[in-house]
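Start counting the sequence shown at 43; every next residue gets the next number (my numbering).
Even glycine gets a Cβ: it sits at the ideal position worked out from N, Cα and C.
Keep in mind that this is a model prediction, so the values were computed, not measured.
What follows is a set of notes on a single structure, which appears directly below.
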Amino acid sequence: MSESCIFCRIIRGELPSTMLYQDQQAVAFKDIAPIAPVHILIVPRQHLESAAETTAENALLIGHLIRVAAHVAREQGIAESGYRLVTNIGKDGGQEVFHLHWHLLGGRQMRGLG
């Protein structure tokens with residue numbers, strides 16, 4: 043964990059969040075600036091800067107995060123209609139918090155990106 047990372051601080055309970063899911067490896071909480079009716083962040087407890095930093099050793103963790111996203115989508119009632127799962131990598135990729143995370147977006151028709 044990083045001392046200054048905002049997601050690490052949320053995971054440690056130092057900053058408020060609307061936590062929707064927690065286990066030994068991951069957490070899921072509502073984004074504070076949602077861009078869709080459902081906008082939830084899926085975050086590993088382990089501090090990794092981005093998906094670009096992952097290795098083969100992280101394969102089980104990555105799979106777990108995707109399963110958590112599917113679970114949360116079902117709980118939020120968007121699994122049937124569909125949702126978007128996005129991770130941004132680096133500044134030019136739109137990453138604002140440099141702790142690996144996925145955005146679970148749904149609750150409306152998503153446009154673009156095929």
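DSSP three-state call for residue i: helix, strand or coil?
i    : result
H141 : coil
R54  : coil
I48  : helix
E95  : helix
Taking residue i as part of the alpha helix (DSSP H), name the residues at either end of that continuous run.
i    : result
A115 : A101 to E117
In terms of DSSP beta bridges, what is residue i paired with?
i    : result
K72  : I82
G148 : V80 and Y125
Got a sec, what are the start and stop residues for the beta strand (DSSP E) residue i sits in?
i   : result
L62 : M61 to Q64
Mind checking if residue i is an interface residue toward chain B, Cβ cutoff 7 Å exclusive?
i   : result
C50 : No chain B appears in this structure, which consists of one protein chain only.
Mind reading off the beta-carbon distance from residue i to residue j? Whole number of angstroms is fine, and I expect it under 8 Å.
i   : j    : result
L90 : L142 : 4 Å
V80 : G149 : 4 Å
Specify whether the stretch 49-56 and the stretch 112-127 touch according to this definition: at least 3 beta carbon pairs, one from each stretch, less than 8 Å apart. The stretch 49-56 vs the stretch 112-127: no contact.
Could you say if the stretch 129-141 and the stretch 83-100 meet the contact criterion of at least three C-beta pairs nearer than 8 Å? Touching, yes.
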